[in-house]
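So the structure is just underneath, and the comments pick up after that.
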Amino acid sequence: MMQTGRIEPRTATNVVAYLESEDEPFINETAVFANISEHGARLITGRHWSEGKAVIVSDSLVNLRARGHVVYCAPYGARRFAVGVKFN
3 MMQTGRIEPR TATNVVAYLE SEDEPFINET AVFANISEHG ARLITGRHWS
53 EGKAVIVSDS LVNLRARGHV VYCAPYGARR FAVGVKFN
């Protein structure tokens, strides 16, 4: 039988995050975690992020600093985006 959905649960949160381009550090913004797991996160942002973009996700709550890449970026309400990041 083929498994569908996520292998692991994600923890819902609304912690403030910092999202920056790994190769263009001047491209960065404050975002909010919608949810997070050991392997990735969904962030709510104010800008569009290109699929495949190498990024660094960090926060000040648990001293997270993880490299990853954008797997999707979809409109989320008015002038915001939901960004899926898979950690490396």
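For reference, each letter of the sequence shown is one residue, going 3 to 90 in this note's numbering.
Every residue, glycine too, gets a C-beta built ideally from N, C-alpha and C.
These figures come from a predicted structure and were not determined experimentally.
Other residues of its chain near residue i: CB distance less than 8 Å, five sequence neighbours each side excluded
i     : result
GLY79 : none
ARG49 : GLU31 and PHE83
ILE29 : GLU22 and SER23
Residue i versus residue j: straight-line alpha-carbon distance, rounded
i     : j     : result
GLY54 : LYS88 : 10 Å
PHE83 : ALA36 : 11 Å
ASP61 : TYR74 : 21 Å
ASN65 : VAL57 : 16 Å
ILE38 : VAL17 : 10 Å
VAL72 : SER52 : 7 Å
SER23 : ALA76 : 18 Å
Under the three-state DSSP convention, the category residue i falls into
i     : result
ALA80 : coil
GLU24 : coil
VAL72 : strand
Same chain, Cβ closer than 7 Å to residue i, neighbours up to 5 away in sequence not counted
i     : result
ILE46 : ALA33, VAL34, ALA36, TYR78, ARG82 and ALA84
ASP25 : ALA56
Among the options, nearest to residue i - alpha-carbon criterion
i     : options                       : result
ALA68 : LEU21, ASN16 and VAL17        : LEU21
ALA19 : PHE28, ASP25, SER52 and LEU63 : LEU63
Residue i beta carbon near the ligand NAD (any heavy atom closer than 6 Å)
i     : result
HIS41 : Ligands displayed in this structure: none; no statement on the ligand NAD is therefore possible.
Cβ pair residue i, residue j closer than 7 Å
i     : j     : result
ARG44 : GLY70 : no
Cut-off 6 Å between Cβ atoms - residues of its own chain near residue i, not counting five sequence neighbours on either side
i     : result
GLY42 : VAL87, LYS88 and PHE89
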